Amino acid sequence: MCALGVPVAVPDEDAELVRTAIAGDDEAFTELVRRHKGTVLRSAARFARNPAELEDLGQETFLRVYRDLRSFRGDAPFGHWLSRITVHVCYDALRKRRREEKDVSLEVLAAPVADPSTGNGPSAQLARMILDQAMSRLKPEDRLVITLYELEDRSVREVAELTGWSETGVKVRAFRARQALKRHIGGDDER
Amino acid sequence: MNDKRRDRRDVELDRYIALARQAPPDISGVERNFETRVMARIRETREPWYAWAWRLAPVFLALAILLAGWSMSYSPVHPADPVTMLASGTQEVALLDYLTGE
Numbered sequence: 001m002c003a004l005g006v007p008v009a010v011p012d013e014d015a016e017l018v019r020t021a022i023a024g025d026d027e028a029f030t031e032l033v034r035r036h037k038g039t040v041l042r043s044a045a046r047f048a049r050n051p052a053e054l055e056d057l058g059q060e061t062f063l064r065v066y067r068d069l070r071s072f073r074g075d076a077p078f079g080h081w082l083s084r085i086t087v088h089v090c091y092d093a094l095r096k097r098r099r100e101e102k103d104v105s106l107e108v109l110a111a112p113v114a115d116p117s118t119g120n121g122p123s124a125q126l127a128r129m130i131l132d133q134a135m136s137r138l139k140p141e142d143r144l145v146i147t148l149y150e151l152e153d154r155s156v157r158e159v160a161e162l163t164g165w166s167e168t169g170v171k172v173r174a175f176r177a178r179q180a181l182k183r184h185i186g187g188d189d190e191r
Numbered sequence: 001m002n003d004k005r006r007d008r009r010d011v012e013l014d015r016y017i018a019l020a021r022q023a024p025p026d027i028s029g030v031e032r033n034f035e036t037r038v039m040a041r042i043r044e045t046r047e048p049w050y051a052w053a054w055r056l057a058p059v060f061l062a063l064a065i066l067l068a069g070w071s072m073s074y075s076p077v078h079p080a081d082p083v084t085m086l087a088s089g090t091q092e093v094a095l096l097d098y099l100t101g102e
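Order-wise, the sequence lines are chains F and Z. At the far end of the first sequence sits residue 191, using this note's numbering, and the numbering has no gaps. At the far end of the second sequence sits residue 102, using this note's numbering, and the numbering has no gaps.
Here it is as structure tokens:
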């Protein structure tokens, strides 16, 4: 895995598959999907609420890749280009569903969370669920930056590359998003 | 007091994030045969040109009905008198009819 969390073992093969797919070979594009579906789906799963939504996000990402394949210049690995498209598809989905999630229940946030070093208390799955609930109340850009910067542990530079924001913008957004998330988890909402 | 509360919340949030990182999302169900479904969607988007032509069929049908109705209701006046024909602006038709003896 490279710094952006995508496989780069065979970038030249990816570029060759892209060229062949542009020429009209469906099997080449199928191979690209097969190679990169894991990375795309793992990223998208941080934003999806259920498997059906994950399927939609994954398919939308690869449909956009197929549509824009000719704009892939090949000066960076295909995986980086694909990651940027994944992030943009997920960000668009977050903005679209923003209004639907405004009234989400926060009752689950009352659950206690253990120190991970002790191994006691609720499971990692429960922590994810609680965090997802709290994050669903964030603005789309805040959720995006928390997911990429905190949950996926990417650097400011990587987040900037993926989102198209400036590095300063990423830092500012990450700070504000964290403050907002703390308020939501602490039950101290400003409504 | 307030600072302590803030610190506690930072620690709490870090715990949530650390735990959430330990639980990678389960994608196994969606990952299975995913490429087959993607390719099926792509093929759906690549419809041949005549698929669009079929979608336009109702428009063409409506246009044909309108034209048929208009042509049936239209009946040009052909007065027998050449002078009247000339006056009504159908000179060329009148002249042709006159010269051909119709």
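Where is the CB? At the ideal position from N, CA and C, for every residue including glycine. Predicted model only: the values in this text are computed from it and were never measured.
Q: Measure from the alpha carbon of V38 (chain Z) to the alpha carbon of each residue in F:Q59, F:S71, F:V87, then state which is nearest.
A: F:Q59
Q) On the three-pair Cβ rule with 8 Å, is the stretch 177 to 185 of chain F touching the stretch 85 to 101 of chain F? A) no
Q: Check whether the Cβ of R155 (chain Z) lies closer than 7 Å to any Cβ atom in chain F.
A: Residue coverage of chain Z in this structure runs from 1 to 102, which leaves residue 155 (chain Z) outside it and unanswerable.
Q | Test: R46 (chain Z) CB closer than 7 Å to a CB of chain F | A | no
Q: Give the interface partners of R37 (chain Z) over in chain F, defined as CB-CB distance under 8 Å, in chain order.
A: Under the 8 Å cutoff, chain F gives E55, Q59.
Q: Determine, using beta carbons only, whether A44 (chain F) and L54 (chain F) come nearer to each other than 7 Å.
A: yes
**Q.** Residue of F:H88, F:Q125, F:T168, F:S166 minimising C-alpha distance to L144 (chain F)
**A.** F:H88
Q) Is the number of C-beta pairs between the stretch 15 to 23 of chain Z and the stretch 124 to 131 of chain F that are closer than 8 Å three or more? A) yes
Q: Can you grab the Cα-Cα spacing for the pair S75 (chain Z) / G69 (chain Z), in whole Å?
A: 12 Å
(Q) Please tell me whether, using a cut-off of 6 Å, the distance from the CB of A124 (chain F) to the nearest non-hydrogen atom of the ligand MN is below it. (A) Of the ligands one can find in the structure shown there are none, so the ligand MN has no counterpart to examine.
Q: Could you tell me whether any Cβ in chain Z is nearer than 7 Å to the Cβ of T118 (chain F)?
A: For T118 (chain F), the pLDDT reaches just 49, beneath the cut-off of 50, and the residue's location in the model is therefore unreliable, although a value from the coordinates is still provided. Not one chain Z Cβ lies under 7 Å of T118 (chain F).
Q. Applying a beta-carbon distance threshold of less than 8 Å, which residues of chain F neighbour R55 (chain Z)?
A. Under the 8 Å cutoff, chain F gives no residues; its nearest Cβ is about 21 Å from R55 (chain Z).
Q) Does Y16 (chain Z) get closer than 7 Å to chain F when you measure Cβ to Cβ? A) yes
Q: Evaluate A21 (chain F) with the Cβ neighbour count: other Cβ atoms within 10 Å of its Cβ, from every protein chain shown; 16 or more gives buried, anything less gives exposed.
A: buried
Q) Near R64 (chain F), what residues of its chain come up, given a Cβ to Cβ distance below 7 Å and the 5 sequence neighbours on each side ignored? A) Excluding sequence neighbours, R64 (chain F) sits near I85, V89.
Q. CB F72 (chain F) to CB V159 (chain F), shorter than 7 Å?
A. no
Q.
Please report the straight-line C-alpha distance between V170 (chain F) and N50 (chain F), rounded to a whole angstrom.
A. Each residue's Cα considered, the two are about 28 Å apart.
Q) Is the Cβ of A177 (chain F) closer than 7 Å to any Cβ of chain Z? A) Chain Z has no Cβ within less than 7 Å of the Cβ of A177 (chain F).
Q.
Any beta carbon from chain Z within less than 7 Å of V104 (chain F)'s own beta carbon?
A. The pLDDT assigned to V104 (chain F) is 49, lower than 50, so where the model puts this residue is not dependable; a value taken from the coordinates is nonetheless given after this. Cβ-Cβ to chain Z under 7 Å: no for V104 (chain F).
(Q) Going by C-alpha to C-alpha distance, which of F:F29, F:D26, F:V40 sits closest to S28 (chain Z)? (A) F:V40
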